[in-house]
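Enquirer:
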Amino acid sequence: MLPESLPILKELSLEMDMLNGWMPNIQYPIRLKFEMNDDVLWSVQRDQLVYVGPRYVDSMEMCQKYLTNYQPTKNQTDMMEAIQKKQRQLRLFINRPQAQKHFIQFDSDFESGNLDFAFQVRPNEYNCYMRCDSNSRSSHSWYHFSMVSERTQTIKINICNFSKHRSLYQRGMRPYIGINGVWKQGGDNIVFDQKNQRSSRLSFDLTLVKGQKIYVAYGVPYTYSQMMQFIQPLGFSIFTRTPAGVDIPMLQFGEAKRRTIIVTARVHPGESNSSHMMEGFLKYLISPDGQQLLQNSQVIAIPMLNPDGVIAGNFRTCLQGMDLNRQFSNPDQNTTPQIYQIKKLIETMKSPPFVYMDMHGHSLKKNLFIYGPEYPIFSLNYLKCRVLAKLMSEATEVFRYWSGIWRVQPNKRNTARAILNSEFKIVNCFTVECSNGLYYLGSQQITKEFGIPDFHQLGQELGKQVQILLEKEIKYIEYQKDRIKNRKKKRINPYTSLLQQIQKDEEEHQVQDEDELLESESSEEEVKKRKTFIRKFQQPRQSQLRQEIECRKSFVSDRKPRSQDKSLDKSQISQRPFSPYTPFKRSVSSSRYVNCPTKQQQLKQRLSNYGFN
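When we follow this note's numbering, the leftmost residue of the sequence shown carries the number 146, and every step to the right adds one.
1. Near tryptophan 287, what residues of its chain come up, given a Cβ to Cβ distance below 6 Å and the 5 sequence neighbours on each side ignored?
2. Can the beta-carbon of valine 577 be found less than 8 Å from the beta-carbon of methionine 502?
3. Measuring alpha carbon to alpha carbon, tell me which of Leu583, Val412, Gln377, Lys609 ends up nearest arginine 316.
4. Near isoleucine 249, which residues of its chain fall below 6 Å by C-beta distance, leaving aside the five closest residues on each side in sequence?
5. Please determine, among Leu464, Ile522, Ser567, Pro448, the residue with the shortest C-alpha to C-alpha distance to cysteine 277.
6. Would you decide whether histidine 285 is buried or exposed? Buried here means 16 or more other CB atoms lie within 10 Å of its CB.
7. Less than 8 Å separating the beta-carbons of phenylalanine 575 and leucine 533?
8. Which residues in the same chain as histidine 507 place their Cβ atom closer than 7 Å to its Cβ, once the five residues preceding and following it in sequence are excluded?
9. If I follow the unbroken alpha helix (DSSP H) through methionine 537, where does it start and stop?
10. Taking all protein chains shown into account, do 16 or more other C-beta atoms lie within 10 angstroms of the C-beta of serine 420, making it buried, or fewer, making it exposed?
11. Assuming isoleucine 175 contacts proline 388 (C-beta within less than 8 Å), just tell me the rounded distance between them.
12. Can you grab the Cα-Cα spacing for the pair phenylalanine 251 / valine 336, in whole Å?
13. Please go through the region 376-464 and give each complete alpha helix (DSSP H) segment of 4 or more residues, from N-terminal end onward.
14. Can you tell me whether DSSP reads tyrosine 738 as helix, strand or coil?
15. Determine the DSSP secondary structure at cysteine 305, reduced to helix, strand or coil.
16. For a test of the three-state rule: what should DSSP assign to proline 600, helix, strand or coil?
17. Give the straight-line distance between the Cα atoms of alanine 540 and tyrosine 546, rounded to the nearest whole angstrom.
18. DSSP on arginine 552, reduced to helix/strand/coil?
19. What are the start and end residues of each continuous beta strand (DSSP E) run of 3 or more residues lying completely inside the region 289-345, in chain order?
20. Using three-state DSSP, classify serine 567 as helix, strand or coil.
21. I'd like the list of long-range same chain contacts for glycine 380, defined as Cβ closer than 6 Å, with 5 residues on each side in sequence excluded.
22. Ends of the alpha helix (DSSP H) at isoleucine 487?
23. Ends of the alpha helix (DSSP H) at methionine 205?
24. Return the chain-ordered list of same chain residues with a C-beta closer than 6 Å to the C-beta of isoleucine 324, the five sequence neighbours on each side being excluded.
25. I'd like the list of long-range same chain contacts for arginine 319, defined as Cβ closer than 8 Å, with 5 residues on each side in sequence excluded.
26. CB-CB under 7 Å to isoleucine 564, same chain, minus the five flanking residues each way: which ones, in chain order?
27. Let me check understanding here. Comparing Cα to Cα, which of Arg471, His505, Thr462 lies closest to isoleucine 515?
28. Does the separation of the CB atoms of phenylalanine 569 and proline 497 fall below 8 Å?
29. Hey, out of Phe264, Arg191, Lys529, whose CA is closest to tryptophan 551's CA?
30. Are asparagine 441 and arginine 404 touching if we call contact CB-CB under 8 Å?
31. Buried or exposed for alanine 401, please, with buried defined as at least 16 other CB atoms from any protein chain shown within 10 angstroms of its CB.
32. In its own chain, which residues sit with a C-beta less than 8 Å from the C-beta of serine 370, not counting the 5 before and 5 after it?
33. Compare the Cα-Cα distances from isoleucine 407 to each of Leu396, Ser417, Thr480 and report the closest residue.
34. Using a Cβ-Cβ distance cut-off of 8 Å, determine whether glycine 332 contacts chain C.
35. Would you tell me roughly how many angstroms separate the C-alpha atoms of arginine 282 and arginine 343, rounded to the nearest one?
36. Between the Cα of asparagine 303 and those of Ile431, Phe179, Asn269, spot the shortest distance and give me the residue it belongs to.
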């Protein structure tokens with residue numbers, strides 16, 4: 146009797162491949178799977194559930210709701226309906242109407258929104274849980290939701306499932322609060338502590354006004370629709386499309402024949418401050434000050450590399466659950482088309498880009514800083530790659546030079562700055578990191594909070610310093626060209642070089658007559674002092690120079706070219722320990738052979754032995 150077969154695990158089943166006809170899933174909308182936190186399951190049994198956020202089945206359902214001009218990658222109507230019916234699971238409580246009106250009305254069903262569950266623990270205290278990144282188990286940091294209260298009250302919000310145990314909240318940062326389109330940090334009694342081994346919790350108090358809609362977010366949100374609205378008047382082309390079918394725009398400024406500067410942002414969806422910096426950088430390019438940069442270079446800007454993750458409200462990954470900034474070593478054309486197209490774009494260029502900047506946000510450090518490539522200390526590129534950081538530190542106090550890192554750690558070997566520097570030899574290949582909320586001013590010894598104008602100003606300052614860096618590079622190249630030309634002009638016949646050097650010495654050390662020196666003097670005392678000085682100091686020096694010049698002349702006049710030296714046979718050449726030109730050069734350049742008669746006689750004797758009569 147055969148043993149009973151083991152049950153097939155759902156994660157290892159080939160059911161989806163069979164439904165798709167053994168074709169890759171990339172041809173169809175991406176299925177979205179969100180992990181359930183164990184703490185949520187316990188809270189369901191203890192506390193009262195007041196809100197459940199949206200969990201979309203696939204990317205088509207999500208994008209069709211938020212984007213007006215969305216087009217799927219491939220139209221497979223009949224197949225898609227069959228797959229969606231098979232994939233659709235029972236989703237309890239999704240967008241369920243709240244039972245009692247005195248509860249806070251939560252909502253995260255909008256672009257870049259992220260709130261999975263909300264529970265009422267006490268009358269004025271709520272536990273909120275973030276939705277995990279799609280098809281991932283790790284990242285829980287981005288939250289973005291709205292609240293409306295039926296009465297004016299002060300409540301306590303606990304965001305319970307942060308995946309990181311360290312944060313800027315421990316150093317004074319507060320959540321960003323948006324009211325009527327104005328965003329600034331707010332909240333009282335901020336506490337960030339470790340809840341258990343897997344997660345941490347952020348607690349803060351917030352005052353709600355009756356009927357007023359208030360937004361709470363990890364950073365100042367910058368959505369895909371907001372980005373498209375900003376770049377619409379600037380003119381753009383479609384760089385590529387994401388696996389979910391969302392267009393990735395690209396902007397080009399300047400002529401293609403000049404040096405190229407590539408700037409990208411938002412490879413991590415939760416780092417929204419990078420998009421605000423990119424907006425400031427683009428504003429600088431279209432301003433009158435930015436035209437000087439475009440006269441010497443071409444700027445290519447890709448303002449949002451991961452629009453899928455931005456739309457879904459992810460923190461670090463795309464819809465497939467991959468960190469796109471770790472895919473540069475071997476990108477796939479189907480799963481990571483934006484990374485593949487970046488490398489292909491650089492490959493088609495005649496010369497590598499002058500600057501590649503990838504804008505990011507940082508959750509632990511303050512201020513603005515740069516991560517650069519790694520070079521040995523004796524290399525010239527060791528200094529070149531640090532010039533932009535030094536210029537930024539001198540231009541603004543917000544930039545902190547010593548927070549930068551100029552080496553590639555093992556966990557950063559597949560990032561853009563590491564791979565593009567090693568494969569394409571881009572010296573100025575940077576990751577520009579900006580703090581998510583705080584910057585420290587050393588002159589005033591205070592910590593301030595970042596706002597949208599601050600991010601814009603930093604982006605504009607980056608554009609200015611890149612322009613200065615380019616000007617310095619152009620001057621350096623011109624200096625090197627002039628140096629090479631001057632070297633070619635100074636090349637002369639080695640047999641006449643010494644005579645020319647002696648003539649130059651005569652012109653430089655020409656002795657002035659005593660009468661000429663005394664003509665300019667007016668008083669007798671000054672004339673006496675001058676004569677005493679000449680007698681004690683100048684006359685010995687002048688006689689020494691004359692002796693040195695005469696000695697050099699005698700050496701040159703006695704010297705014969707090597708081709709006319711017939712008295713020197715081959716046996717003497719083989720026996721001599723070093724070249725005959727070596728002692729001759731040493732005698733001219735070294736002063737110890739000049740003023741000593743015995744040394745001069747010895748040197749002349751050695752030269753005569755080698756055929757120099």
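Each residue gets a CB set at the ideal place from its N, CA and C atoms; glycine is no exception.
Expert: Judging by the given coordinates:
1. Asn259, Tyr363, Gly415, Phe460
2. yes
3. Leu583
4. Met292, Ser294
5. Leu464
6. buried
7. yes
8. Glu578, Cys579, Ser580, Asn581
9. DSSP places methionine 537 in the uninterrupted alpha helix (DSSP H) bounded by 532-540.
10. buried
11. Indeed, because the Cβ distance is near 6 Å, the residues count as touching under 8 Å.
12. 22 Å
13. 418-430, 436-441, 452-457
14. At tyrosine 738 the pLDDT is 43, less than 50, meaning the model places this residue with poor confidence and gives no usable figure here.
15. The answer is strand: DSSP assigns cysteine 305 an E or B state.
16. Before going on, a small fix: residue 600 reads as phenylalanine here, not proline. Of the three classes helix, strand and coil, the one that applies to phenylalanine 600 here is helix, per DSSP.
17. 11 Å
18. coil
19. Taking only runs of at least 3 residues, the beta strand (DSSP E) segments lying wholly in the region 289-345 are 289-293, 298-307, 321-324, 327-330, 333-339.
20. helix
21. none
22. 482-492
23. 204-211
24. Ile359
25. Taken in chain order, the residues that qualify are Gln330, Gly331, Gly332, Ile335, Phe349, Gly582, Glu594.
26. Phe473, Ser474
27. His505
28. With respect to the 8 Å criterion, phenylalanine 569 and proline 497 are classified as neighbours on the basis of their beta carbons.
29. Lys529
30. yes
31. Result: exposed.
32. Tyr211, Leu212, Glu256
33. Leu396
34. In summary, chain C is missing from the structure at hand, where a single protein chain is found.
35. Taking C-alpha positions only, arginine 282 is separated from arginine 343 by approximately 11 Å.
36. When the alpha-carbon of asparagine 303 is set against those of Ile431, Phe179, Asn269, the nearest one is in Asn269.
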